[in-house]
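Participant: Under this note's numbering, the first residue of the sequence shown is numbered 186, with each subsequent residue one higher. Ideal Cβ positions, reconstructed from N, Cα and C, are used throughout, including at glycine. Quick caveat, the model's predicted, so the values are computed rather than measured.
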Amino acid sequence: QPTLSQMTEKAIQTLSKDKDGFFLFVEGSKPDWAAHVNDPIGMISDVLAFDNAVAEALEFAKKDSNTMLIAVTDHGNSGISIGNTNTTKGYNTKPVSAYIDPLKKSKMTLEGATNKLKSDLSNVEDVAKLYGLDNLTYEEKERVKAAKKKSDVGPIFTTLLANRANIGFTTGGHTGEDVFLYSYGPQKPYGLIQNIDIAKTMAKAMGFNLEEVTNKLFIESESAFQQNGATVTIDKTDVENPVLIVKRNNVKAQLFVNKNIIRIKNKEY
Numbered sequence: 186q187p188t189l190s191q192m193t194e195k196a197i198q199t200l201s202k203d204k205d206g207f208f209l210f211v212e213g214s215k216p217d218w219a220a221h222v223n224d225p226i227g228m229i230s231d232v233l234a235f236d237n238a239v240a241e242a243l244e245f246a247k248k249d250s251n252t253m254l255i256a257v258t259d260h261g262n263s264g265i266s267i268g269n270t271n272t273t274k275g276y277n278t279k280p281v282s283a284y285i286d287p288l289k290k291s292k293m294t295l296e297g298a299t300n301k302l303k304s305d306l307s308n309v310e311d312v313a314k315l316y317g318l319d320n321l322t323y324e325e326k327e328r329v330k331a332a333k334k335k336s337d338v339g340p341i342f343t344t345l346l347a348n349r350a351n352i353g354f355t356t357g358g359h360t361g362e363d364v365f366l367y368s369y370g371p372q373k374p375y376g377l378i379q380n381i382d383i384a385k386t387m388a389k390a391m392g393f394n395l396e397e398v399t400n401k402l403f404i405e406s407e408s409a410f411q412q413n414g415a416t417v418t419i420d421k422t423d424v425e426n427p428v429l430i431v432k433r434n435n436v437k438a439q440l441f442v443n444k445n446i447i448r449i450k451n452k453e454y
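#1: Report the three-state DSSP secondary structure of Ser266 (helix, strand or coil).
#2: The beta strand (DSSP E) that contains Phe441, what's its start and end?
#3: Near Val211, which residues of its chain fall below 6 Å by C-beta distance, leaving aside the five closest residues on each side in sequence?
#4: If distances are taken between C-alpha atoms only, which option among Ala390, Glu241, Asn351 and Lys421 comes closest to Lys274?
#5: Residues in its own chain within less than 7 Å of Val329 by CB, not counting five upstream and five downstream?
#6: Given that a residue counts as buried once 16 or more other Cβ atoms are within 10 Å of its Cβ, and exposed if not, what is Ile449?
#7: Shortest alpha-carbon distance to Ile446 belongs to which of Val338, Val428 and Val436?
#8: Taking C-beta to C-beta, are His359 and Gly261 nearer than 9 Å?
#9: Using the Cβ count rule (16 or more neighbours within 10 Å means buried), how would you classify Pro287?
#10: What is the residue span of the beta strand (DSSP E) that Tyr375 lies within?
#11: Less than 9 Å between the beta carbons of Phe457 and Val222, yes or no?
#12: Using a 10 Å radius around the Cβ and a threshold of 16 neighbouring Cβ atoms, would you call Ile285 buried or exposed?
#13: Please give the ranges of any beta strand (DSSP E) in the region 319–393, keeping only runs that are unbroken, at least 3 residues long and fully inside the region.
#14: Helix, strand or coil: which one does DSSP assign to Lys289?
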């Protein structure tokens, strides 16, 4: 599989041939997944992969001189910190190596390492080494042995690694801090701004109005169907996934929320 930067490079090579310009969206999704499970190795390695992709885009933007480049995350996650309760005392004299060296021992992310686990967990200590947890202490071995199934192993590994690397996490969910915004090129956004304004800035650069595009792409379904002689109801049996029911001339169509699917007579289109 090509790397994210290689895919970005190829996409730019292809799209930049269009005389009208282009829009390219590149996502580094794995840092979010890793943060949810408090996996610093996954977070670091996949952020670096995304950084390499940004470098490809920046190289093009600098040569082109007419390309806006924006790199931003949609939210924070996990509340990762350099320092934890281990460093409450003596943090001012703690060397950088106390945080970095334990992480450098990892050969795989949490996902990569735990995928190597045997169903009976008989190789759990070998897998721990892949995640940088070598030379387990008696207490650490007891923690690892407490795992009864594969899904138990991940949280144990991340807790042990965080303890060794003196890093902390506040949550396994999203966090509310301001996030970094990186930008380059003409009309680039900068400073402390609302996230919704990024979309407006991009739309302006591409020469269209978001409200006008919304009105063109989306219509109010009930009135549109009723104008064509159909009845419209909403099936709320599944509250989180309501279904729009449209009937006309004994033919029923089902449209599912947040999906580009319509079902008519048990066939989906």
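Facilitator: Put simply:
#1: strand
#2: Val436 to Phe441
#3: Thr193 and Ala238
#4: Asn351
#5: Val309, Glu310, Ala313, Leu321 and Ile341
#6: exposed
#7: Val428
#8: yes
#9: buried
#10: Segment: none, Tyr375 is in no beta strand (DSSP E) and carries neither H nor E.
#11: No statement about residue 457 is possible, as the shown extent of the chain runs from 186 to 454 and does not include it.
#12: exposed
#13: 366–369
#14: helix
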